[in-house]
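J.: Using the numbering used here, you'd call the opening residue of the sequence shown number 1120 and step up by one each time.
Each residue gets a CB set at the ideal place from its N, CA and C atoms; glycine is no exception.
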Amino acid sequence: MPVRARCQVNDSVPSVMIPQWHSGTTWARDAARAFHDEVAERVSAGVSVCPRTGRAHARGSYFTTRALEAAGIPVLELHADNVDARSADGDALTRTVGDWLDRHVLAGG
1120 MPVRARCQVN DSVPSVMIPQ WHSGTTWARD AARAFHDEVA ERVSAGVSVC
1170 PRTGRAHARG SYFTTRALEA AGIPVLELHA DNVDARSADG DALTRTVGDW
1220 LDRHVLAGG
């Protein structure tokens, strides 16, 4: 039976992509194996790789967004499932990103 183990994108992408960029090296092989083993161990133990998303996660995202904006950094929040695109409206996302770029980046504010 498959086991769902949440793993944040910012933790998994570097752990998967950087070894690919160093493909063929001993370091890449060892880094990929270490990442696999850590995730597999947590799945076997029934431990989530990262906390479930929810109110605490949303509050963290909210405060991160506000801090970036307060520092003058434009932020675009997209609430989407990056694993399962079936619920996404590609045209709406394209419009949202385009509108945001027009208002916050190209217009300078």
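ALA1199 and ALA1189 - do their beta-carbons sit closer together than 7 Å?
T.: No.
J.: Throw me the rounded Cβ distance for the VAL1224 and PRO1193 pair, which I believe falls under 8 Å.
T.: About 6 Å; that satisfies the 8 Å criterion.
J.: Less than 7 Å separating the beta-carbons of TRP1219 and LEU1195?
T.: Yes, these two residues count as a Cβ contact at 7 Å.
J.: To the nearest angstrom, how far is the alpha carbon of ASP1203 from that of ALA1153?
T.: Looking at the two C-alpha atoms, the distance is approximately 27 Å.
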